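K.L.:
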Amino acid sequence: MRSLSFARAFGLALCGVACRAPTAPSPATNTTSPTPTPSNAATVPVRVVLSPSPDGATAVFELSPSRDALSFAERGNVRRSAWTTSTTGVTLREEGLTADEPWSRAELRLGFDPQEYDRTYPAVTRAGSGAVIYTPALLVEGLDMELAAAPDTFVWPPLQAPYGYSYLGPRDEIRERGDIRLIGFDGLPAWLAQQIEHAVDASLPYYASELGRATSPPTVIASDQSPGPMGFHGDVTENAVIFLRFHGDAWQTSDPKAAQEVAKFVRHEAFHLWNRNHADDAPPWLHEGGAEYAALIAAVTAGVLTEDEGRQRLSRHVGRCRKHVGEQPMASVRSGSDVYDCGVVVQWLADLEARRPNGERSVLALWAEVLEGADARDGYSAASFLDRAGPLAQAFVTTTAGRWTSLEAALPKYGVGLSSTPTADDHRAAVLQHLMRVACGPGPIGYWTERDHIKLDTGEHCGALAGQPKVTKVGGHSLLESADRAFAKVEDACAHQRNIALTTIDGAKIRLSCPDPITLPSVLTLTRVPKLATGPASAPLSTP
């Protein structure tokens, strides 16, 4: 997850004889009617018929024989809060459908998700003029079943195993590029659609070559109608669908930073086409960190990011992992940005070791071995990666006390330069976290960095900062351009227990009293790293 001109011939043609056969069945190529032909309802105990509606979709459950309860097979990583039922006597609960008497038919109205959540698939999302359904949310526990589309309803990919996202909507909103299908692109800003297509054109053959294997030709669905609050979010499902979602007006116009962000975001999700086959108990920092670091080095290799820009991004991951996770066990890293930050650190440490002999191997070669082994097992595990990752990554994952002291002592031997001087990111984070703690107390807090503002993740318990305000300045200084000056203003105001003003994107002022002094925690910045691009080892070290 996260929060993409395609190759015209995908599969073996991308990497010649080095590629293997696709790892999952490709979608059917019958463009006249990709919807599976409904079978006789009596052949399965449960049949669900889907059709689009103005508010999302409708799902009709047909049972044979009648039952008084059905349990959903998938829970926890999907929310059904916008679903309702209009069938008398049938009650919809998060765990399933129940009734006092057996029933044979129930109609569910699947409303669009009101917002997105971390580590959670959106059940129903707008895309173009249609709806994207996370179909595993409809599967029931312990019973054979069939998903089907209502007559005259266009759906893609077909409603068949392996299940994942499927689009219900106008047929003319799907475009074909060789074996790849694009959905929703005509409704995107032209620059955004173009950036996504360019990123997929580059990333699919790159990963196929580096990993020595092809993957199923994907369907790529893109929507700029996400309810947020994340500025962008995406995931890949087992039926080889990449679903990219964008939220907010900032995506309506292009700038270089936005283009870079899209390019890396697409590369992250594209890598999940390969590494999604993980064991059920594999920690999220493994596959998410793997995808995030693969996206970083792929973007640098393609020239989307310079080596120095890649170093800066890598340094931010290291700094945030050190600050937020510190010496906690990696087993505790299960959600939020820590999954990506610390996951990237593990991947980078493995990459340093892999490239050390001559620079011709990278961490992607380790992934090729891990994925090869996963084919013969029920997915790959953390152990299958760490066994190949080398001592730096192994020690980082298994050590708690002294983790960062040991790492800082070891890194210079790998050509890494370190500094403890705070960066703009450090000043910005210190300001935001301090002011939110003052306003919110011990409750949950967070923020999203957008192109032209910072959106606070603040609930009703946050007083003057409640309601997720979009902040541009603190103490009259831009958080995005002069965070060090904003920090100095907060430092002075809080030292004298004075008010500090936050300016929102619409020019409004929020005044907050500050009774507690602000401090800047110790930091760690990477000033020099070995090259990140894959390929010949002649490139110099990345330095500021």
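Here the sequence shown is numbered in our numbering, starting from 422 and rising by one per residue.
Even for Gly, the Cβ is constructed at its ideal location relative to N, Cα and C.
Keep in mind it's a predicted model, so treat the numbers as computed, not measured.
When the Cβ atoms of the segment 817-828 are set against those of the segment 725-735, are three or more pairs found closer than 8 Å?
P.N.:
Not touching, per the Cβ criterion.
K.L.:
When the distance is taken between beta carbons, is residue 762 closer than 9 Å to residue 725?
P.N.:
Against a cut-off of 9 Å, the Cβ pair of residue 762 and residue 725 comes out as no contact.
K.L.:
Looking at the secondary structure, which residues open and close the alpha helix (DSSP H) in which residue 857 lies?
P.N.:
Counting along the chain, the alpha helix (DSSP H) containing residue 857 begins and ends at 845-861.
K.L.:
Using a Cβ-Cβ cut-off of 7 Å (strictly less than) and excluding sequence neighbours within five positions of residue 755, which residues of its own chain qualify?
P.N.:
The residues are 705.
K.L.:
Roughly how many whole angstroms lie between the Cα atoms of residue 952 and residue 728?
P.N.:
Residue 952 and residue 728: Cα-Cα distance of roughly 7 Å.
K.L.:
Can you list, in chain order, the residues of its chain whose CB lies under 7 Å from that of residue 559, leaving out five sequence neighbours each side?
P.N.:
Cβ neighbours of residue 559 beyond the five flanking positions: 469, 480, 568.
K.L.:
Rounded to whole angstroms, what is the Cα-Cα separation between residue 451 and residue 615?
P.N.:
Bear in mind that the predicted position of residue 451 carries a pLDDT of just 33, short of 50, making it unreliable; the figure below should be weighed with that in mind. Computed Cα separation, rounded: 26 Å.
K.L.:
Which of the three DSSP states, helix, strand or coil, is assigned to residue 817?
P.N.:
In this structure, residue 817 counts as helix in the three-state DSSP scheme.
K.L.:
Under three-state DSSP, which class holds residue 696?
P.N.:
Helix.
K.L.:
Spell out a yes or no on whether the segment 740-751 and the segment 641-656 are touching, meaning 3 or more CB-CB pairs, one atom from each, closer than 8 Å.
P.N.:
Judged by Cβ distances under 8 Å, the segment 740-751 makes no contact with the segment 641-656, as fewer than three pairs qualify.
K.L.:
Going by DSSP in three states, residue 633 sits in which element: helix, strand or coil?
P.N.:
Note: residue 633 maps to coil in three-state DSSP.
K.L.:
Return the CA-CA distance between residue 787 and residue 766, expressed in angstroms with no decimal places.
P.N.:
Rounded to the nearest angstrom, the two C-alpha atoms are 15 Å apart.
K.L.:
Beta strand (DSSP E) containing residue 891: first to last residue?
P.N.:
That run of the beta strand (DSSP E) goes 891-895.
K.L.:
Quick one: measure Cβ to Cβ for residue 590 and residue 552, integer angstroms, because I've assumed they're closer than 8 Å.
P.N.:
At roughly 6 Å, the Cβ-Cβ gap stays under 8 Å, so residue 590 and residue 552 are in contact.
K.L.:
Which value, in whole angstroms, describes the spacing of the CA atoms of residue 791 and residue 486?
P.N.:
About 45 Å.
K.L.:
Should residue 890 go down as buried or exposed, given a rule of 16 or more other Cβ atoms within 10 Å for buried?
P.N.:
Buried.
K.L.:
Whole angstroms are fine: how far does the CA of residue 896 sit from the CA of residue 911?
P.N.:
Spanning the two alpha carbons is a distance of roughly 7 Å.
K.L.:
If residue 503 sits next to residue 532, beta carbons under 8 Å apart, how far is it from one beta carbon to the other, in whole angstroms?
P.N.:
Yes, residue 503 and residue 532 are in contact; Cβ-Cβ is about 3 Å, under 8 Å.
K.L.:
According to DSSP, is residue 691 helix, strand or coil?
P.N.:
Helix at residue 691.
K.L.:
Three or more beta-carbon pairs under 8 Å between the segment 833-841 and the segment 939-946, yes or no?
P.N.:
Short answer: they touch.
K.L.:
Run through DSSP, which three-state label would residue 507 get?
P.N.:
Reduced to three states, the DSSP call for residue 507 is coil.
K.L.:
Residue 597: which of 613, 899, 618, 580 sits nearest, CA to CA?
P.N.:
Closest by alpha carbon: 618.
K.L.:
Under 7 Å Cβ to Cβ from residue 881, same chain only, skipping five residues before and after it: list those, please.
P.N.:
Cβ neighbours of residue 881 beyond the five flanking positions: 887.
K.L.:
Restricting to runs no shorter than 3 residues, where is the beta strand (DSSP E) found entirely within the segment 611-659?
P.N.:
Counting whole runs of 3 or more residues, the segment 611-659 contains the beta strand (DSSP E) stretches 640-644, 653-658.
K.L.:
Exposed or buried, residue 876, counting other C-beta atoms within 10 Å across all chains shown (16 or more means buried)?
P.N.:
Flag for residue 876 reads buried.
K.L.:
Pairs of beta-carbons, one from the segment 928-935 and one from the segment 850-865, closer than 8 Å: are there three or more?
P.N.:
Taking 8 Å as the limit for Cβ pairs, the verdict is that the segment 850-865 does touch the segment 928-935.
K.L.:
Tell me, please, which residues DSSP counts as bridged to residue 870.
P.N.:
Partner(s): 875.
K.L.:
Does the beta-carbon of residue 955 have 16 or more other beta-carbons within 10 angstroms, so that it is buried, or is it exposed?
P.N.:
Its Cβ being crowded by 16 or more others within 10 Å, residue 955 is buried.
K.L.:
Check whether the Cβ of residue 665 lies closer than 8 Å to any heavy atom of the ligand PLP, and answer yes or no.
P.N.:
What this structure holds is no ligand at all, so the ligand PLP is not there to describe.
K.L.:
Where DSSP assigns a beta bridge to residue 481, which residues make up the other side?
P.N.:
In DSSP, residue 481 forms a bridge with 470, 528.
K.L.:
Would you call residue 658 buried or exposed, if buried means 16 or more other Cβ atoms sit within 10 Å of its Cβ?
P.N.:
By the 10 Å Cβ count, residue 658 comes out buried.
K.L.:
Among 609, 794, 904, 818, which one has its Cα closest to the Cα of residue 771?
P.N.:
The shortest Cα separation from residue 771 among 609, 794, 904, 818 belongs to 818.
K.L.:
Look up residue 567 in the DSSP assignment and give the residues it is bridged to.
P.N.:
Paired residues: 468.
K.L.:
Could you check the C-alpha separation between residue 632 and residue 505 for me, to the nearest Å?
P.N.:
Approximately 44 Å between the Cα atoms of the pair.
K.L.:
From what residue to what residue does the beta strand (DSSP E) around residue 548 run?
P.N.:
From DSSP, the beta strand (DSSP E) with residue 548 extends over 545-548.
K.L.:
Measure how close the beta-carbons of residue 541 and residue 499 come, nearest whole angstrom, since I'm counting them as under 8 Å.
P.N.:
Contact holds; Cβ gap of about 6 Å.
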